[in-house]
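2 is the number of the first residue of the sequence shown in our numbering; add one for each residue after it.
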Amino acid sequence: MDITDELRAYREKDIPYSRVLSSMCTIPHPIALEAHSMFIETNLGDPGIFRGTLELEKKLMEMLGKILHCDNPAGYICSGGTEANIQGIRAARNIQRSKNKPNIVIPETAHFSFEKIGDILGVEIRRAGIDEEYRVEVGMVERLIDDSTVAIVGIAGTTELGQIDPIVELSKLAEERGIELHVDAAFGGLVIPFMDDPYPFDFQNKGVSSITIDPHKMGMATIPAGGIVFRSEKYLRALEVETPYLTSKAQFTLTGTRPGTGVASAYAVLKHLGFDGMKEVVNKCLDNTRLLVEEMMSLGFEPVIEPIMNVVAFPADDAERLKEELYRRNWVISTIRNPRAIRFVIMPHVTEEVIKSFISDFRKIVGR
Ligand code: 0PR
């Protein structure tokens, strides 16, 4: 068999995005594909060689800084939200080095990447409970902070429900206690700014030190393209190691060799769509989320919370069974455990037609 035929045969076993209602990734924007292929051999691990790509990354960081209300953004495009979260907490821990047995306080709704962070960085992870709207309880966060706390974490767009933590209050708390506040906006970072009357989750709050914002989620860039943005250069300095034989003298990234494709594809999409274009994409996803909610309500399912963004879950005792039945019919949805529910992420590839076709199959499964 021809190699490309062989590759195609494997690729055809993958489920196409048009059947996937659970992913935070999506089909890249056509301009992202073009940009990706132009930068396919670039390696930002040795920036003295790829100086044009490095310049482009700086421009992209300025764009992200503007979106996040930061005048002097410092950061880089990494492998994803996991790496961005690791680096945000690693910088906080290094800046507050004098503290021994460091700990961080995170919402109990935080993404599982924080499990890895505890393990890798040797910081104790303290989990604060949530209110009835699934937002972290600020009072609980406050009670968990002690002299060894290096950072608190807020989420802008929780993985399971798309909820936004009270970042304004968390920021005040971080300022009062002289500790860092890392905001995980891996998903919401490229949703909230384009919503009408956006919640102020970003650097407008003086206590926010770093933000995770992933172009490979709602930014429609090619994978991998995560983003970590710091309030100032000082955080990057806290991450640096010496690189004696490279074109640069120091490196603040977690990985060594790293692609410029995410930089190029993320930049291309944001530049091409602009603020208004992104607003249109986000609004369409929000409209489609409302459509799904209406259809699900007509089948007797009420959302766990009124959706804040394009993530929504519906309580169902037999959530696992529903997910499996749907998978047999080549539909991918996900489930959450608290409360037991089926969950959907309405990405740009989840169009009105996709939702209608999904509902028609789902109706058969629930027998309504
Ligand atoms: N922070 C938040 C709030 C997230 O939701 C995620 C990923 C991360 C950090 C980690 O990002 P990376 O996966 O880029 O490192 N959230 C999704 C999840 O784990 C990612 C995902 C994407 C899941 C595509 C499934 C899928 O098909 O649920």
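The beta-carbon is built from N, C-alpha and C at its ideal position, and this holds for glycine as well.
Please read these numbers as outputs of a predicted model, since none were measured by experiment.
Can you have a look at residue i and say buried or exposed, based on whether 16 or more other CB atoms are within 10 angstroms of its CB?
i           : result
residue 120 : exposed
residue 166 : buried
residue 113 : exposed
residue 11  : exposed
residue 344 : buried
residue 185 : buried
residue 4   : exposed
residue 69  : buried
residue 84  : buried
residue 232 : buried
Taking C-alpha atoms, which residue in the options lies nearest to residue i?
i           : options            : result
residue 243 : 46, 361, 83        : 46
residue 359 : 122, 204, 324, 79  : 324
residue 267 : 64, 284, 212       : 64
residue 21  : 207, 246, 355      : 355
residue 352 : 335, 364, 26, 289  : 289
residue 309 : 241, 160, 264, 234 : 160
residue 24  : 368, 80, 336       : 336
residue 131 : 301, 142, 217, 125 : 142
residue 208 : 182, 220, 195, 233 : 182
residue 1   : 189, 261, 260, 338 : The question about residue 1 has no answer here: the residues shown for the chain are numbered 2 through 369.
residue 339 : 280, 7, 133, 247   : 133
residue 90  : 150, 137, 40       : 150
residue 270 : 319, 61, 72        : 61
residue 19  : 346, 366, 365, 367 : 346
residue 314 : 294, 95, 16, 111   : 294
residue 88  : 201, 230, 14, 53   : 230
residue 125 : 72, 82, 94         : 94
residue 217 : 79, 38, 240, 2     : 79
Cα separation between residue i and residue j?
i           : j           : result
residue 429 : residue 362 : The structure shown does not extend to residue 429, since the chain spans only 2 to 369, so no value can be given for it.
residue 155 : residue 59  : 26 Å
residue 169 : residue 215 : 21 Å
residue 33  : residue 219 : 13 Å
residue 147 : residue 117 : 22 Å
residue 321 : residue 163 : 21 Å
residue 225 : residue 300 : 38 Å
residue 193 : residue 276 : 12 Å
residue 284 : residue 348 : 11 Å
residue 292 : residue 302 : 13 Å
residue 317 : residue 328 : 16 Å
residue 236 : residue 191 : 22 Å
residue 100 : residue 177 : 17 Å
residue 108 : residue 6   : 47 Å
residue 199 : residue 205 : 12 Å
residue 296 : residue 366 : 14 Å
residue 30  : residue 140 : 42 Å
Hey, could you find the ends of the alpha helix (DSSP H) residue i is sitting in?
i           : result
residue 89  : 82 to 96
residue 214 : It is not in any alpha helix (DSSP H) - residue 214 carries neither H nor E in the DSSP assignment.
residue 265 : 262 to 299
residue 118 : 114 to 122
residue 172 : 168 to 178
residue 335 : From DSSP, residue 335 is part of no alpha helix (DSSP H) but of the beta strand (DSSP E) over 335 to 338.
residue 328 : 320 to 329
Looking at the unbroken beta strand (DSSP E) that takes in residue i, where does it start and where does it end?
i           : result
residue 182 : 181 to 185
residue 358 : No beta strand (DSSP E) holds residue 358; the alpha helix (DSSP H) holding it covers 353 to 367.
residue 316 : 312 to 316
residue 48  : Per DSSP, residue 48 belongs to no beta strand (DSSP E) and is neither H nor E.
residue 155 : 150 to 156
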